[in-house]
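S.K.: In my numbering, the protein residues as written are 81 to 513. We treat Cβ as the ideally placed atom computed from N, Cα and C, and that holds for glycine. So that we are looking at the same thing, I have put the structure below in structure tokens.
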């Protein structure tokens, strides 16, 4: 298994946490950067970014609106119960009929906002429901008369203001609610026999200034939420880029830049990982230590550029001669390659080693200075660990493979040499060439 084929798990996790794979959405990334150059008050979301923002905030808006409606209904019922207990019967009775509008209006809005509908239907139901609540509150005061007239008009405005501040809805909806509340206030003030026309106009203008200050505050809150969302998108992009950069740096630290194989550091970490997975060590694994014969003479005769080309070709041949998803190949030194074959015994591994040697020889890569042939050849030392070698460490296995390679190099080169422990008798060699 090549180090370059390891899955990019960190980038994947960042992607999962982001919820939006901004790496594949360059248009969104560019639009986010463009919008962040504007002043906050000039930011306008359009198209896909607007849809993303609404998808992010809409569920919370729905919960807030339903909770507000429930709060209005509960508060109304409690208020009406208190009035019935404490006020004169004729006054309390006059409040019941107009007050009967509130609960049905609230329940209707809640039912609409519990399901999936078009955006316009949400807006229509919300504005209509709030309008009915405001009219009902005002009519309660009108019917009761006296001090309740003016008081309930103020309660009506307070109800509208609370909705304006709390609801994260489109600005057009907010403005509509504000206009309806002020229009109702002005109409009922004009109909109030207790105040003059001038007082009705002045009080309406006063509350108009206050309510539209609330509308402006709500708009600023929405703009800040939008800008925070844009910053989040940009930061997620940067987190993904940073994670990818870190992954690339880690890959570079573990990859041989010339051949693209794993380097010595990665192979050492792989060995530690394999040996660390099992408390009693691995059961069967074979290590091949491969060395290009007379590689220095190739550099001397053909130059280092041809030497580099030779290393690249040999690395590719070795990689294509082993199991792609199981075995591990690394450039271990200048012209040395280490191959790890998990799960194989000596006989199977010897076949793989011979296949590697033959494929390199068949490639006929020129090496005019070689003492073996006029082309590049490979000497291979093979060392194995089976279930009986519980105490054999990865360092010892590597030392055994290196010892077998030493024998192969001093026995004529271009051959596979199998390491045989001394306790099992004389060395068992497979010699070729």
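Which residues mark the beginning and the end of the alpha helix (DSSP H) in which residue 401 is found?
M.R.: Against the chain shown, residue 401 aligns to sequence position 321. Residue 401 -> no alpha helix (DSSP H), and no H or E assigned at all.
S.K.: Please tell me whether residue 399 and residue 341 are closer than 8 Å, where the distance is taken between their beta carbons.
M.R.: On the chain shown, residue 399 is found 319 positions in, with the first residue counted as 1. On the chain shown, residue 341 is found 261 positions in, with the first residue counted as 1. A contact, by the Cβ cut-off of 8 Å.
S.K.: Check the C-beta distance from residue 257 over to residue 246 and give it rounded, since I have them as a contact under 8 Å.
M.R.: The residue given as residue 257 occupies position 177 in the chain shown. The residue given as residue 246 occupies position 166 in the chain shown. Rounded, the Cβ-Cβ distance is 11 Å, inconsistent with contact.
S.K.: With residue 462 and residue 483 assumed to form a contact (beta carbons below 8 Å), what rounded beta-carbon distance in angstroms separates them?
M.R.: The count along the chain shown starts at 1 and reaches residue 462 at position 382. The count along the chain shown starts at 1 and reaches residue 483 at position 403. That pair is no contact at about 11 Å.
S.K.: For residue 476, which option in 352, 115, 321 has the closest C-alpha, if you only look at C-alpha atoms?
M.R.: Walking along the chain shown from the start, residue 476 turns up at place 396. Among 352, 115, 321, the Cα nearest to that of residue 476 belongs to 352.
S.K.: In chain order, what are the residue ranges of uninterrupted alpha helix (DSSP H) at least 4 long that sit wholly in the segment 407–442?
M.R.: 426–442
S.K.: Give the range of the beta strand (DSSP E) segment to which residue 460 is assigned.
M.R.: Residue mapping note: residue 460 aligns to position 380 of the chain shown, counting from 1. 458–465 is the span of the beta strand (DSSP E), which, as asked, contains residue 460.
S.K.: Report yes or no: do the segment 132–146 and the segment 167–184 share at least 3 C-beta pairs separated by less than 8 Å?
M.R.: no
S.K.: Using CA coordinates, which residue listed in 269, 121, 138, 112 is at the minimum distance from residue 127?
M.R.: Start at 1 with the first residue of the chain shown, and residue 127 comes out as number 47. The option with the nearest alpha carbon to residue 127 is 112.
S.K.: Report the residue from 238, 471, 182, 326 whose alpha carbon sits nearest the alpha carbon of residue 220.
M.R.: For the purposes of this step, residue 220 is taken as residue 140 along the chain shown, with counting starting at 1. When each option's Cα is compared against that of residue 220, the closest is 182.
S.K.: What did DSSP end up calling residue 497 once you bin it into helix, strand or coil?
M.R.: In the chain shown, the residue the question calls residue 497 occupies position 417. The answer is strand: DSSP assigns residue 497 an E or B state.
S.K.: For the structure I just gave you, are there three or more beta carbon pairs, one from the segment 492–502 and one from the segment 403–419, closer than 8 Å?
M.R.: no
S.K.: I'd like to know if the segment 399–408 and the segment 463–474 are in contact, where contact means that at least 3 CB-CB pairs between them fall below 8 Å.
M.R.: no
S.K.: Taking the C-alpha atoms as reference points, what is the distance between residue 140 and residue 114?
M.R.: Looking up residue 140 in the chain shown gives position 60. Looking up residue 114 in the chain shown gives position 34. Those two C-alpha atoms are separated by around 27 Å.
S.K.: Go ahead and label residue 359 buried or exposed: buried means 16 or more other beta carbons lie within 10 angstroms of its beta carbon, across all protein chains shown.
M.R.: Indexing the chain shown from 1 puts residue 359 at position 279. Bear in mind that the predicted position of residue 359 carries a pLDDT of just 48, short of 50, making it unreliable; the figure below should be weighed with that in mind. Flag for residue 359 reads exposed.
S.K.: Would the segment 329–336 count as touching the segment 424–432 if we require 3 or more Cβ pairs under 8 Å?
M.R.: no
S.K.: Residue 446 by DSSP, collapsed to three states: which one?
M.R.: For this step, residue 446 is matched to residue 366 along the chain shown. Residue 446: strand per DSSP, three-state reduction.
S.K.: May I ask you to report which of helix, strand or coil DSSP gives residue 372?
M.R.: The residue given as residue 372 occupies position 292 in the chain shown. Residue 372: strand per DSSP, three-state reduction.
S.K.: Between residue 459 and residue 371, which are expected to be in contact by the criterion C-beta below 8 Å, what is the C-beta distance as a whole number of angstroms?
M.R.: Sequence index remark: in the chain shown, residue 459 carries index 379 (1-based). Sequence index remark: in the chain shown, residue 371 carries index 291 (1-based). Contact holds; Cβ gap of about 5 Å.
S.K.: Are the Cβ atoms of residue 306 and residue 123 separated by less than 8 Å?
M.R.: Within the chain shown, numbered from 1, the residue matching residue 306 stands at position 226. Within the chain shown, numbered from 1, the residue matching residue 123 stands at position 43. Going by beta carbons, residue 306 and residue 123 fall inside the 8 Å limit.
S.K.: Whole angstroms are fine: how far does the CA of residue 312 sit from the CA of residue 195?
M.R.: For this step, residue 195 is matched to residue 115 along the chain shown. For this step, residue 312 is matched to residue 232 along the chain shown. The alpha-carbon atoms of residue 195 and residue 312 are separated by roughly 29 Å.
S.K.: Could you spell out where the alpha helix (DSSP H) holding residue 205 opens and where it closes?
M.R.: The residue labelled residue 205 in the question sits at position 125 within the chain shown. Segment 199–224, the alpha helix (DSSP H) holding residue 205.
S.K.: Would you call residue 191 buried or exposed, if buried means 16 or more other Cβ atoms sit within 10 Å of its Cβ?
M.R.: Translated into positions along the chain shown, residue 191 becomes position 111. By the 10 Å Cβ count, residue 191 comes out exposed.
S.K.: To the nearest angstrom, report how far apart residue 534 and residue 431 are at their CA atoms.
M.R.: Summary: the structure shown does not reach residue 534, with the chain confined to residues 81 through 513, and so no result is reported for it.
S.K.: Mapping the DSSP letters down to three states, classify residue 271 as helix, strand or coil.
M.R.: For the purposes of this step, residue 271 is taken as the residue at position 191 of the chain shown. Note: residue 271 maps to coil in three-state DSSP.
S.K.: From residue 389 to residue 309, what does the alpha carbon distance come to, in whole angstroms?
M.R.: Within the chain shown, numbered from 1, the residue matching residue 389 stands at position 309. Within the chain shown, numbered from 1, the residue matching residue 309 stands at position 229. Near 51 Å, if we compare the C-alpha coordinates of residue 309 and residue 389.
S.K.: By a C-beta neighbour count over all protein chains shown, 10 Å radius and 16 as the cutoff for buried, is residue 239 buried or exposed?
M.R.: Taking the chain shown and counting its residues from 1, the one referred to as residue 239 is at position 159. Buried, because 16 or more other Cβ atoms sit within 10 Å of the Cβ of residue 239.
S.K.: Quick check: the Cα distance between residue 269 and residue 214, rounded to an integer number of angstroms?
M.R.: As a position in the chain shown, residue 269 is number 189, starting the count at 1. As a position in the chain shown, residue 214 is number 134, starting the count at 1. Near 14 Å, if we compare the C-alpha coordinates of residue 214 and residue 269.
S.K.: Rounded to a whole number of angstroms, what is the C-alpha to C-alpha distance between residue 106 and residue 314?
M.R.: As a position in the chain shown, residue 106 is number 26, starting the count at 1. As a position in the chain shown, residue 314 is number 234, starting the count at 1. Taking the straight line from one Cα to the other gives about 12 Å.
S.K.: Excluding sequence positions up to five away, which residues of its chain have a Cβ less than 6 Å from the Cβ of residue 32?
M.R.: For residue 32 there is no data in the structure shown, the boundaries of the chain being 81 and 513.
S.K.: Can you list, in chain order, the stretches of the alpha helix (DSSP H) that have 4 or more residues and sit fully within the segment 231–296?
M.R.: 251–270
S.K.: With DSSP as the reference, label residue 141 as helix, strand or coil.
M.R.: As a position in the chain shown, residue 141 is number 61, starting the count at 1. In this structure, residue 141 counts as helix in the three-state DSSP scheme.
S.K.: Span of the alpha helix (DSSP H) holding residue 181?
M.R.: The residue given as residue 181 occupies position 101 in the chain shown. Looking at the DSSP string, residue 181 is not in any alpha helix (DSSP H), and its letter there is neither H nor E.
S.K.: Look up residue 154 in the DSSP assignment and say whether it is helix, strand or coil.
M.R.: Against the chain shown, residue 154 aligns to sequence position 74. Helix at residue 154.
S.K.: Could you spell out the range, first to last residue, of the alpha helix (DSSP H) harbouring residue 112?
M.R.: Start at 1 with the first residue of the chain shown, and residue 112 comes out as number 32. 106–115 is the span of the alpha helix (DSSP H), which, as asked, contains residue 112.
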